[in-house]
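Heads up, the thing below is written out as structure tokens.
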Amino acid sequence: MSMILYHGEPNGASLAVLAALGESGAEADCKAIDLLAGERHTIPGLTQAVARDMGVEGEGPVLVIDGEAMTESVFIAQFLDEAGANTLQPKDAYAHWQMLMWCRRVTERCAPAAAFLGCRAHARPSLDAAALGRIASPDLRARWEAVQAGDYPQAQVDDSLSKVRDTVKMVDDQLADDRDWLMGPLTIADFETFGWLVGMVDVVPDAFAGKDRAAAWMDRVRARPSVQAALARATVSAPQNSWAPGPEINRWG
Amino acid sequence: MNTVTLYHWEPNANSGKPMLALMEKGVAFDSHYIDMLNFDQHKPEYLAINPQGTIPAMTHGDRVLVESTAIMEYVNEEFDGPALMPADARARWRIRWWMKFMDQWLAPSFSMFGWKFFVGPNALAAHGQEKIEEQIARIPLPERQTAWRKAVFGLFSEQEMAESGRRISVGIRMLEEELGKREWLASDAYSLADVNGFNLAYAMPLSQPHLANDDLTPNIMRWLRAIYRRPATRDCWKLGRTPMASRVEILEQDYIPPKDESEGISSGVR
Chain A
185 MSMILYHGEP NGASLAVLAA LGESGAEADC KAIDLLAGER HTIPGLTQAV ARDMGVEGEG
245 PVLVIDGEAM TESVFIAQFL DEAGANTLQP KDAYAHWQML MWCRRVTERC APAAAFLGCR
305 AHARPSLDAA ALGRIASPDL RARWEAVQAG DYPQAQVDDS LSKVRDTVKM VDDQLADDRD
365 WLMGPLTIAD FETFGWLVGM VDVVPDAFAG KDRAAAWMDR VRARPSVQAA LARATVSAPQ
425 NSWAPGPEIN RWG
Chain B
97 MNTVTLYHWE PNANSGKPML ALMEKGVAFD SHYIDMLNFD QHKPEYLAIN PQGTIPAMTH
157 GDRVLVESTA IMEYVNEEFD GPALMPADAR ARWRIRWWMK FMDQWLAPSF SMFGWKFFVG
217 PNALAAHGQE KIEEQIARIP LPERQTAWRK AVFGLFSEQE MAESGRRISV GIRMLEEELG
277 KREWLASDAY SLADVNGFNL AYAMPLSQPH LANDDLTPNI MRWLRAIYRR PATRDCWKLG
337 RTPMASRVEI LEQDYIPPKD ESEGISSGVR
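Line by line, the protein sequences give chains A and B. If you're matching positions, the first sequence starts at 185 in my numbering and goes up one per residue. If you're matching positions, the second sequence starts at 97 in my numbering and goes up one per residue.
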């Protein structure tokens, strides 16, 4: 079973999965792709592409095994963990539920907000009609078109800012009992949360003001050899500024 | 000491997921029916259990759990009984992927149609506009009041309904294709993805008769009937109290022909 991990610059979902790969000890052939050039939509050799085409996460990493595209960073991380060292998920069912709930808060609330604000600050794609046409999902394509047009409605900006601030506060509060990692032991939640927040430090600086516990936690995550190895894969000097269209903002508010 | 209590509405969508998972596992539980259209979920006795006021919620001893799909994973891991997640890590990934896709992308669209054509009108018929307005006015958060008005009175924009309609059509096509690959939705054995999917899809032949029927989607119909035949499913749907749950009886028909889209709306069950 050979695995190829197609990933963007080490930021967001790509960073979370690269770190989980490092922790898991699983062996995958890592191939860097330019997410903002639409290269995720031209991955060769896919026989089952539905997860790439219709994944909720948007432009995240794609793990390919036997032609099947696997997406959603939390679930790829779970897969790598379960196929490998199996150390990143609590064995107790309730602690596992807590980790899953944490990751859902991050992927459903923080990730769409961070991707939206990150794109607004840094992403200047220029896909032509043919490249846009290769994006199978019309709602993901619409998010690309909004990014290309610089269409960032103020209400969504405000909503996204508040979601990023809430997430940093949630991290800081969670660490109030002097624990090292979000769930106590190191888990996927640490990498998923770090991946989406690290690029927000410069974009929403006020969210981090006075959040010393969150800042110290980010330093600890960054110091993990798995994260260092992931960051070493960067082809740009500031990978935390690499963003591409992400998950959609909840249609029901 | 370690009793399980489930606070749920009808065996349908989010409430039905942990109900059916518990029954498949053979876990005995105290059933607390929360009448969502009577706004039981905003009453102090329920908010004392789940301050978020969302349904379902489950208590196990002193543990409180919310979010239907996450509760199902807990139920599967915590209790003995048939495994609802396979040993193969890749199959587990696929199950999680489909559950997220259904929960976040597809189900909200079904829900919009369900409220517009079925739940909202039924709620109005059962409780009357005045009483519902009173109940909504008691919800503390203004944005939740707005969301409830929108749902109960069907105040969705044309654009929202069109997008939901598109997603329902795409989602049904995807389910049909996936169920053409294997017996169950995401793995070779019955799993949480099937429990989740059935709760989303069991009434499709009634609500989407132009998209889901024996001619157009034979794999979906085979799958729905197979799940309906399971004893746990029969027991679970017996806990329903409204016409919503009895829609499942459509699956007793051996052949369901295509019908016009309008029949899903005009039958009042869409």
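All residues carry an ideal CB built from backbone N, CA and C; glycine is no exception. Just so we're clear, the structure is a prediction, and the values are computed from it rather than from any experiment.
Under 8 Å Cβ-Cβ, which residues of chain A neighbour residue i?
i      : result
W189/B : M254, F259, I260, Q262 and F263
E163/B : M285 and R288
M181/B : Result: empty, since nearest Cβ-Cβ is about 10 Å, beyond 8 Å.
M270/B : V234 and M238
Give the residues of chain B in contact with residue i, contact being defined as C-beta atoms less than 9 Å apart.
i      : result
A152/A : Residue 152/A is absent from the structure shown; chain A starts at 185 and stops at 437.
R435/A : P204, S205, M208, E256, E259 and S260
By the criterion of Cβ-Cβ separation under 7 Å, what are the contact partners of residue i in chain A?
i      : result
R159/B : Y278
M377/B : Any answer about residue 377/B is impossible in this case: the structure gives chain B only from 97 up to 366.
E173/B : A277 and H280
M154/B : Near M154/B there are no residues of chain A at all, since even the closest Cβ is about 10 Å away, more than 7 Å.
For residue i and residue j, which I take to be in contact (beta-carbon distance under 8 Å), what is that distance rounded to the nearest angstrom?
i      : j      : result
L202/B : G267/B : 4 Å
Q424/A : N270/A : Contact flag wrong, Cβ pair sits at about 29 Å.
V411/A : V420/A : In fact, because the Cβ distance is near 17 Å, the residues do not count as touching under 8 Å.
M195/B : L288/B : 7 Å
P314/B : K355/B : That belief does not hold up - the Cβ atoms of P314/B and K355/B are roughly 16 Å apart, past 8 Å.
G206/A : L230/A : At roughly 25 Å, the Cβ-Cβ gap does not stay under 8 Å, so G206/A and L230/A are not in contact.
L347/B : W319/B : Going by Cβ atoms, the distance from L347/B to W319/B rounds to 10 Å, so no, they are not a contact pair.
P274/A : S257/A : Their Cβ separation, rounded to whole angstroms, is 18 Å, which puts P274/A and S257/A out of contact at 8 Å.
L366/A : W286/A : 6 Å
C332/B : M168/B : So it is not a contact: roughly 13 Å between Cβ atoms.
M317/B : I264/B : Going by Cβ atoms, the distance from M317/B to I264/B rounds to 16 Å, so no, they are not a contact pair.
I191/B : M181/B : 6 Å
M206/B : L296/B : For the record, residue 206/B in the displayed sequence is Phe; it is not Met. With 8 Å as the limit, F206/B and L296/B qualify as a contact, their Cβ atoms being about 6 Å apart.
Using a Cβ cut-off of 7 Å, pull out every chain B residue sitting near residue i, in sequence order please.
i      : result
L284/A : A166 and E169
Mind listing the chain B neighbours of residue i? Cutoff is C-beta to C-beta under 8 Å, in chain order.
i      : result
E266/A : A185 and R188
I249/A : R186
> Between the region 287-303 of chain A and chain B, which residues of the former have a C-beta closer than 9 Å to a C-beta of the latter?
Replying inline: Residues of the region 287-303 of chain A with a C-beta atom less than 9 Å from some C-beta of chain B are R288, T291 and E292, listed in chain order.
> In the region 191-209 of chain B, which residues sit with their C-beta less than 7 Å from some C-beta in chain A, listed in chain order?
Replying inline: Residues R192, W193, K196, F197, Q200, W201 and P204.
>> Counting only Cβ-Cβ distances shorter than 7 Å, please list the residues of the region 230-241 of chain A near chain B, keeping chain order.
In response: Answer in chain order: V234, A235, M238 and V240.
> Is the region 335-352 of chain A touching the region 292-300 of chain A, taking contact as three or more C-beta pairs under 8 Å?
Replying inline: Touching, per the Cβ criterion.
> What residue ranges within the region 222-267 of chain A form continuous beta strand (DSSP E) runs of no fewer than 3 residues, ordered along the chain?
Replying inline: As far as the region 222-267 of chain A is concerned, its whole beta strand (DSSP E) runs of at least 3 residues are 246-249 and 252-254.
> Is there contact here, the region 251-269 of chain A with the region 207-214 of chain A, by at least three beta-carbon pairs under 8 Å?
Replying inline: Verdict: yes, contact present.
> Three or more beta-carbon pairs under 8 Å between the region 98-110 of chain B and the region 326-344 of chain B, yes or no?
Replying inline: The way I'd put it, the region 98-110 of chain B does touch the region 326-344 of chain B; three or more beta-carbon pairs between them come closer than 8 Å.
> What runs of the alpha helix (DSSP H), each 4 residues or longer, lie entirely inside the region 359-414 of chain A?
Replying inline: Correct list: 372-381, 389-392 and 396-407.
> In the region 285-324 of chain A, which residue ranges form an unbroken beta strand (DSSP E) of at least 3 residues, counting only runs that do not cross its ends?
Replying inline: Listed in chain order, nothing qualifies, since the region 285-324 of chain A has no complete beta strand (DSSP E) run of 3 or more residues.
>> Does the structure place the region 167-187 of chain B close enough to the region 238-245 of chain A that three or more beta carbon pairs sit under 8 Å?
In response: Result no; under three Cβ-Cβ pairs closer than 8 Å.
> Which full runs of the alpha helix (DSSP H) of 4+ residues lie inside the region 98-153 of chain B, going along the chain?
Replying inline: The qualifying runs are 109-121 and 140-143.
> Should the region 428-435 of chain A be regarded as contacting the region 127-146 of chain B, the criterion being three or more beta carbon pairs within less than 8 Å?
Replying inline: Flag = no, the region 428-435 of chain A and the region 127-146 of chain B do not touch.
> Does the region 278-296 of chain A come close enough to the region 349-359 of chain A that 3 or more CB-CB pairs lie under 8 Å?
Replying inline: Taking 8 Å as the limit for Cβ pairs, the verdict is that the region 278-296 of chain A does touch the region 349-359 of chain A.
>> Assess contact between the region 278-287 of chain B and the region 156-169 of chain B, defined as three or more Cβ pairs (one per stretch) separated by less than 8 Å. Is contact present?
In response: No: fewer than three Cβ pairs fall under 8 Å.
> In chain order, which alpha helix (DSSP H) runs of at least 4 residues are fully inside the region 189-221 of chain A?
Replying inline: The region 189-221 of chain A contains these whole alpha helix (DSSP H) runs: 196-208.
>> As an exercise, report each continuous alpha helix (DSSP H) stretch of at least 4 residues that is fully enclosed by the region 268-318 of chain B, in chain order.
In response: As far as the region 268-318 of chain B is concerned, its whole alpha helix (DSSP H) runs of at least 4 residues are 288-297 and 300-303.
>> Please give me, in chain order, every unbroken run of the alpha helix (DSSP H) with length at least 4 that falls completely inside the region 211-262 of chain B.
In response: With a minimum length of 4 residues, the unbroken runs of alpha helix (DSSP H) contained wholly in the region 211-262 of chain B fall at 216-223, 225-233 and 238-248.
> With contact counted as at least three CB pairs below 8 Å, one residue from each stretch, are the region 372-391 of chain A and the region 319-336 of chain A in contact?
Replying inline: Segments in contact, no.
>> Three or more C-beta pairs under 8 Å: does that hold for the region 302-316 of chain A against the region 393-404 of chain A?
In response: Fewer than three Cβ pairs drawn from the region 302-316 of chain A and the region 393-404 of chain A lie within less than 8 Å of each other, which leaves the two stretches out of contact.
> Using 8 Å as the Cβ pair cut-off and three pairs as the minimum, do the region 313-323 of chain A and the region 355-373 of chain A touch?
Replying inline: Because the criterion of three Cβ pairs below 8 Å is not met, the region 313-323 of chain A and the region 355-373 of chain A do not touch.
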